[in-house]
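So the structure is just underneath, and the comments pick up after that.
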Amino acid sequence: MRDRSQNSDLLLERLMESTGDCEIENQTKWIEVQNELKQRLIAADDFTWKLPKHESEAAADGNDEKKEVLKYVGGVDVSYCKDDPSLACAALVVLILPTLQVVHQEYSLVRLGVPYIPGFLAFREAPVLLQLLEKVKANSPHFYPQQLIFVDGNGILHPQGFGLACHLGVLADCPTIGIGKNLHHVDGLTLNNVKQLLGAKPDLNLVTLTGSSGIIWGAALRSSPRSMRPMFISTGHRISLDTAITIVQMICRYRIPEPIRQADIRSREYLQKHRHVC
DNA sequence: GCGACAG
DNA sequence: ATCTTGTCGC
264 MRDRSQNSDL
274 LLERLMESTG
284 DCEIENQTKW
294 IEVQNELKQR
304 LIAADDFTWK
314 LPKHESEAAA
324 DGNDEKKEVL
334 KYVGGVDVSY
344 CKDDPSLACA
354 ALVVLILPTL
364 QVVHQEYSLV
374 RLGVPYIPGF
384 LAFREAPVLL
394 QLLEKVKANS
404 PHFYPQQLIF
414 VDGNGILHPQ
424 GFGLACHLGV
434 LADCPTIGIG
444 KNLHHVDGLT
454 LNNVKQLLGA
464 KPDLNLVTLT
474 GSSGIIWGAA
484 LRSSPRSMRP
494 MFISTGHRIS
504 LDTAITIVQM
514 ICRYRIPEPI
524 RQADIRSREY
534 LQKHRHVC
């Protein structure tokens, strides 16, 4: 048991350490890392909290009266500088339910050496995001979003079934939900495909993303009457798709979930205001 | 071979 | 991701 875990850690360490110079070798290595981390992925609800209840349903539930209620939700995003693509600002915000007010925020202005390559976003963004999580855990543990983190990027809706939200969730050991603002084409999924399904009925705003192989990769959701554009929901870590969809729907003020929207807005602001110090 | 490809 | 003003509508 422990041997297996240690071997796994050693392999990961070996794979993670090298900052190679050959693109194809790197990508091969990155895929090994993704497959290794994927073995630790939990694809079902695995947490102790429960969703906030409405009065109507609050009546009979003698069982989980002791369970804590989902209270703090984290959101992470990274913004980039227009004229200096290596300069970026990572943000972590923590919102409190049910008011969705931001109660904590953390920023990091960094230079990223790893380029963006479709399918490997995590190797560019995850390190700085994990650093922000560590900062909160050390300095403001009360606000550490251990219950749930929203990630700007996909979960299992990914060529290897292991996108940024999964990557971050496994390494931080927190439940995560991945939100894509654009569709990553995987297993035959296309935007026209989704549009067709959604367009069929005007009041149908949620469709399951089933690939050509029959695998369910996530869901497309039109959350706001003001925008016809759907978002793409996929599970990250320690949560089921059904639960993820339910929470997304209760946490949207605009097109995308409020934690991600806030992280997006604030990381951009912070970058504009502090880019001169780099 | 060509095109597609989260942020 | 980012480049970018106005504009149509509630």
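Counting from 1 along the first sequence, just add 263 to a position and that's the residue number in the numbering used here. No residue lacks a Cβ here, since even glycine has one placed at the ideal position from N, Cα and C. All figures in this text were calculated on a predicted structure; none of them were measured in a lab.
Since residue i and residue j should fall inside the 8 Å C-beta cutoff, what is the C-beta to C-beta distance between them, to a whole number of angstroms?
{"i": "L300", "j": "L314", "result": "The Cβ separation is near 28 Å, so there is no contact."}
{"i": "Q253", "j": "S486", "result": "With the chain covering only 264 through 541, there is no way to say anything about residue 253."}
{"i": "P422", "j": "H500", "result": "Not really, about 18 Å apart at Cβ, beyond 8 Å."}
{"i": "Q297", "j": "F406", "result": "Incorrect: roughly 30 Å between the Cβ atoms, too far for contact."}
{"i": "I478", "j": "I440", "result": "Not a contact, Cβ separation roughly 19 Å."}
{"i": "H448", "j": "V399", "result": "Actually they are not in contact, since the Cβ atoms of H448 and V399 sit about 35 Å apart, beyond 8 Å."}
Measure the C-alpha to C-alpha separation of residue i and residue j and round it to an integer number of angstroms.
{"i": "A351", "j": "R387", "result": "11 Å"}
{"i": "E521", "j": "L431", "result": "19 Å"}
{"i": "M264", "j": "E276", "result": "Its pLDDT being 40, under 50, M264 is placed unreliably in this model, and the value from its coordinates should be taken loosely. Going from the Cα of M264 to the Cα of E276 covers about 18 Å."}
{"i": "S371", "j": "L534", "result": "9 Å"}
{"i": "I287", "j": "S475", "result": "28 Å"}
{"i": "D266", "j": "Q302", "result": "Low confidence applies here, because D266 scores a pLDDT of 49, under 50, leaving its location unreliable and the question unanswered by this model."}
{"i": "L363", "j": "Q410", "result": "15 Å"}
{"i": "P408", "j": "P390", "result": "17 Å"}
{"i": "D308", "j": "W480", "result": "16 Å"}
{"i": "A526", "j": "L358", "result": "10 Å"}
{"i": "R518", "j": "M494", "result": "8 Å"}
{"i": "P378", "j": "V356", "result": "25 Å"}
{"i": "E331", "j": "C541", "result": "43 Å"}
{"i": "V285", "j": "P381", "result": "A quick correction: the sequence has Cys, not Val, at residue 285. Cα to Cα, the separation comes out at about 17 Å."}
{"i": "R538", "j": "K345", "result": "11 Å"}
{"i": "R489", "j": "T291", "result": "42 Å"}
{"i": "K536", "j": "K329", "result": "45 Å"}
{"i": "L273", "j": "P404", "result": "29 Å"}
{"i": "R374", "j": "R516", "result": "32 Å"}
{"i": "T311", "j": "W293", "result": "32 Å"}
{"i": "I510", "j": "N289", "result": "36 Å"}
{"i": "A401", "j": "E369", "result": "12 Å"}
{"i": "A306", "j": "L384", "result": "20 Å"}
{"i": "M491", "j": "K316", "result": "29 Å"}
{"i": "D347", "j": "V365", "result": "29 Å"}
Name, in chain order, the residues that DSSP records as bridge partners for residue i.
{"i": "L472", "result": "G481"}
{"i": "R374", "result": "L350"}
{"i": "S342", "result": "C352"}
{"i": "D415", "result": "I442"}
{"i": "V332", "result": "K313"}
{"i": "H500", "result": "T439"}
{"i": "L452", "result": "In DSSP, L452 forms no bridge with anything."}
{"i": "I519", "result": "None; I519 has no bridge partner."}
{"i": "F495", "result": "G443, A483"}
{"i": "R367", "result": "The question names Arg, but residue 367 in the sequence shown is His. The partner list for H367 (beta bridge, DSSP) reads V357."}
{"i": "G337", "result": "V357, I412"}
With C-beta atoms as the reference, is residue i less than 9 Å away from residue j?
{"i": "I542", "j": "G338", "result": "Residue coverage of the chain in this structure runs from 264 to 541, which leaves residue 542 outside it and unanswerable."}
{"i": "L472", "j": "V457", "result": "yes"}
{"i": "L504", "j": "A483", "result": "no"}
{"i": "S497", "j": "N445", "result": "no"}
{"i": "A428", "j": "L396", "result": "no"}
{"i": "L392", "j": "V470", "result": "no"}
{"i": "L304", "j": "V433", "result": "yes"}
{"i": "L360", "j": "I508", "result": "no"}
Answer yes if the segment 351 to 363 comes into contact with the segment 530 to 540, meaning at least three C-beta pairs across the two stretches below 8 Å, and no otherwise. yes
Count the CB pairs spanning the segment 508 to 523 and the segment 448 to 457 that are closer than 8 Å, and state whether there are at least three. no
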